[in-house]
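Asks: Adding 872 to a residue's 1-based position in the sequence shown gives its number in our numbering. Quick reminder that beta carbons are idealized off the backbone N, C-alpha and C, glycines included. The model shown is predicted, which means the values in this text are computed figures rather than measured ones.
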Amino acid sequence: MANTPVSIPRPLVRTNQWSIVLSVLASWLTGEAWILAIPLLAGVMGLLFGYNPIMRAAKLFLRKNPADYIPEDWEQQQFNQVIAVACLALGLISFLLGWTAAGYVFTAMVALSAFVAILGFCIGCFIRFQLNQYKYRKSLDKP
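1. Which one of 953, 939, 893 and 918 has the shortest CA to CA distance from residue 882?
2. Tell whether a beta-carbon distance below 8 angstroms holds between residue 964 and residue 905.
3. Please report how far the alpha carbon of residue 970 lies from the alpha carbon of residue 925, in whole angstroms.
4. Please specify which runs of the beta strand (DSSP E), each continuous and at least 3 residues long, are wholly inside the stretch 896 to 938, giving them in chain order.
5. Counting only the same chain and skipping the five closest in sequence on each side, list residues whose C-beta sits under 6 angstroms from that of residue 989.
6. Could you tell me the alpha carbon to alpha carbon distance between residue 943 and residue 996, rounded to whole angstroms?
7. Should residue 982 be labelled buried (16 or more other beta-carbon atoms within 10 Å of its own) or exposed?
8. Hey, which unbroken runs of the beta strand (DSSP E) at 3 residues or more fall wholly within the stretch 952 to 1013?
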């Protein structure tokens, strides 16, 4: 029996991306770094427990069956979430330590990446594709 790929409905992925963008903007506008903890904790919970509370709440608002939406690959989203969690964590830690420039750099990277993904180009997908290509080319070099 073939394994069916696990997927996430696109509106749930978009909601998670918007939560990152809006949290970063709110953090910048208010000067309250703790706002970054909201998408950070949701992302960590998604990675560790497979339960992202932001996506779970958004699922309540889906009008159709989840399978009727454009699917996003679960493994790819996990890869992207690792990058987002790392940038959010480094941004939050930087702000809390008073390293404002580093905080802005890390949070700008994650916000820009999430916003570009909303517009249709997934930077994390591109990175993962290049990484897989590199691994494949490396495997060809082995005797």
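Replies: Well, looking at it:
1. Checked all of 953, 939, 893 and 918; the closest Cα to residue 882 is 939.
2. Inclusion of residue 964 and residue 905 in the CB contact set at 8 angstroms is warranted, their separation being smaller than that value.
3. When only Cα atoms are considered, residue 970 and residue 925 end up about 29 angstroms apart.
4. The DSSP assignment places no complete run of the beta strand (DSSP E) inside the stretch 896 to 938 (cut-off: 3 residues).
5. Within its own chain, the residues whose Cβ lies closer than 6 angstroms to the Cβ of residue 989, once the five positions on either side in sequence are excluded, are 889, listed in chain order.
6. Answer to the nearest angstrom: the Cα atoms are 16 angstroms apart.
7. A residue is called buried when at least 16 other Cβ atoms come within 10 angstroms of its Cβ; residue 982 meets this threshold and is buried.
8. With a minimum length of 3 residues, no continuous beta strand (DSSP E) run stays inside the stretch 952 to 1013.
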